[in-house]
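**Q**
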Amino acid sequence: MPVQVIHHPSEARQWVKAQRAAGCRVGFVPTMGALHAGHASLIRRAAEECDRAVVSVFVNPTQFGPGEDFERYPRDLPRDTVTASEAGADMIFAPSPAEMYPSGFCSRVEVDRLTEGLCGACRPGHFAGVTTVVMKLFHIIPADVSYFGQKDFQQAMVIRRMVRDLDVDMEIRVCPTVRESDGLAMSSRNAYLSPDERRRALALSRALKAARQLFAEGERDRMVLLKAMRAVVNETAPGAPIDYIEVVSPEELTPADPVTPESVALLAVRIGSTRLIDNMPLGCDTSVG
Ligand code: AMP
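Heads up: the sequence shown begins at 0 in numbering that gives the first Met the number 0, then just goes up one per residue.
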């Protein structure tokens with residue numbers, strides 16, 4: 000079945016409903032486009048586990064703050080269509096901002112507490128933008144299951160909580176972070192990096208690797224882990240502003256005390272004008288290069 004590109008919400012909803020009425024299980028991967036191997040891994044998984052895979056491509060203006068990169072965010076729907084199709088997508092939903100936010104739009108979905116720290120503290124309003132658009136997308140694409148990346152760990156946990164709290168009829172699956180061979184987590188924003196910044200960007204995965212190594216050696220003091228991660232960032236990317244470095248419990252995203260194998264180390268660092276994030280469960284044996 001060749002991939003279909005649908006721009007109108009009502010048409011997309013009809014397409015999904017028709018698939019489900021025909022007995023097909025539908026998997027959904029929401030994205031902002033500029034698709035890379037990380038996105039492709041989610042689409043492949045949706046295509047493997049479901050009968051139909053749907054990808055949305057929408058650079059959502061309401062999750063960007065003033066002065067952030069909304070205008071320069073990479074957009075290339077023809078290229079995304081090829082990538083999504085090769086990964087097994089059957090339908091791409093690519094609405095315009097005017098279709099998603101028609102004149103008079105004034106509603107919002109907010110998740111408290113889990114959105115207060117980490118990226119939520121550095122990007123006021125960001126998660127309300129995310130949860131509102133994802134709730135809209137879940138209504139437009141009433142799939143059986145949606146796929147999110149561990150790469151945006153806080154986002155995945157916030158969406159999982161939203162679905163649970165508001166009884167949204169959608170299963171949420173969180174899939175592993177796909178990395179470049181040297182450990183850098185794939186991100187659409189990596190395209191902004193100069194060659195020198197690309198080298199400095201390794202600060203994030205190296206810091207996580209150091210924390211995981213210390214944990215494997217028996218270290219359970221959160222402050223020791225934070226200090227070690229900070230030292231690695233300062234060594235690999237001297238002077239790079241650190242938005243946060245933290246080790247949290249995965250449920251409430253509060254500082255992990257004590258640190259356990261389920262605790263997740265996370266950080267956000269500014270490399271030049273690019274803000275990068277990454278994370279790693281401390282007990283996980285996934286390679287970070
Ligand atoms: P984005 O287009 O950046 O909003 O991401 C869309 C989805 O892809 C989100 O669920 C992300 O967590 C996921 N994603 C982004 N980068 C990666 C990666 N390197 N590995 C796995 N999933 C990713």
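Virtual Cβ for every residue (Gly too), placed ideally from N, Cα, C.
Is DSSP giving Cys121 helix, strand or coil here?
**A** It is helical.
**Q** Buried or exposed: Leu275, going by 16 or more other Cβ atoms within 10 Å of its Cβ?
**A** Leu275 is buried by the Cβ-count criterion.
**Q** Report the CB separation of Met289 from Lys135 in whole angstroms; it is logged as a contact under 8 Å.
**A** With the chain running from 0 to 288 in the structure shown, residue 289 is simply not present.
**Q** Runs of 4 residues minimum, wholly inside the stretch 75 to 132: which ones carry the alpha helix (DSSP H) assignment?
**A** Qualifying alpha helix (DSSP H) stretches, in chain order: 76 to 85, 96 to 99 and 118 to 121.
**Q** Quick check on Asn59: does DSSP put it in helix, strand or coil?
**A** The answer is coil: DSSP assigns Asn59 none of H, G, I, E or B.
**Q** Output needed for Asp79: all residues of its chain with C-beta closer than 6 Å, excluding positions within five of it in sequence on either side, in chain order.
**A** So the qualifying residues of the chain are Gly32, Leu34 and Val56.
**Q** Do Phe126 and Glu109 have their CB atoms nearer than 9 Å?
**A** In this structure, Glu109 lies closer than 9 Å to Phe126 by Cβ.
**Q** Does the ligand AMP have a heavy atom nearer than 8 Å to the CB of Asp151?
**A** At least one heavy atom of the ligand AMP is nearer than 8 Å to the Cβ of Asp151, so yes.
**Q** Run through the DSSP bridge pairs and tell me what Ser145 is partnered with.
**A** Per DSSP, Phe27 and Ile171.
**Q** Please work out which residues of its chain come closer than 6 Å, Cβ to Cβ, to Glu261, disregarding the five sequence neighbours upstream and downstream, and give them in chain order.
**A** Pro249.
**Q** Report the CB separation of Arg163 from Thr131 in whole angstroms; it is logged as a contact under 8 Å.
**A** In fact, because the Cβ distance is near 17 Å, the residues do not count as touching under 8 Å.
**Q** Can you give me the start and stop residues for the beta strand (DSSP E) that Met0 sits inside?
**A** Careful: Met0 lies outside any beta strand (DSSP E) and carries neither H nor E.
**Q** Please list the segments of the alpha helix (DSSP H) lying wholly inside the stretch 198 to 241, counting only runs of 4 or more residues, in order along the chain.
**A** With a minimum length of 4 residues, the continuous alpha helix (DSSP H) runs that stay inside the stretch 198 to 241 are 201 to 215 and 221 to 235.
**Q** Cα separation between Met279 and Val173?
**A** C-alpha separation (whole angstroms): 13 Å.
**Q** Tell me Tyr243's beta-bridge partners as DSSP assigns them.
**A** Beta-bridge pairing links Tyr243 to Ala267.
**Q** Shortest alpha-carbon distance to Ala51 belongs to which of Ala88, Asn59, Ala39 and Gly119?
**A** The amino acid occupying residue 51 in the given sequence is Arg; Ala does not appear at that position. Ranking the options by Cα distance to Arg51, first place goes to Ala88.
**Q** Measuring from the CB of Thr176, is there a heavy atom of the ligand AMP at a distance below 8 Å?
**A** Yes.
**Q** So what does DSSP say about Ala184, is it helix, strand or coil?
**A** Ala184: strand per DSSP, three-state reduction.
**Q** Do Val268 and Ala227 have their beta-carbon atoms positioned less than 9 Å apart in this structure?
**A** No, the pair does not count as a contact, with Cβ atoms beyond the cut-off.
**Q** Look at the Cβ atom of Val129, then the Cβ atom of Ala83, and state whether they are nearer than 9 Å.
**A** Taking 9 Å as the Cβ cut-off, Val129 and Ala83 do not qualify as a contacting pair.
**Q** In whole angstroms, what is the alpha-carbon distance linking Lys16 and Glu170?
**A** Using only the alpha carbons, I get a separation of about 17 Å.
**Q** Going by the CB atoms, is the gap between Val258 and Glu218 shorter than 9 Å?
**A** Yes, they are a contact pair.
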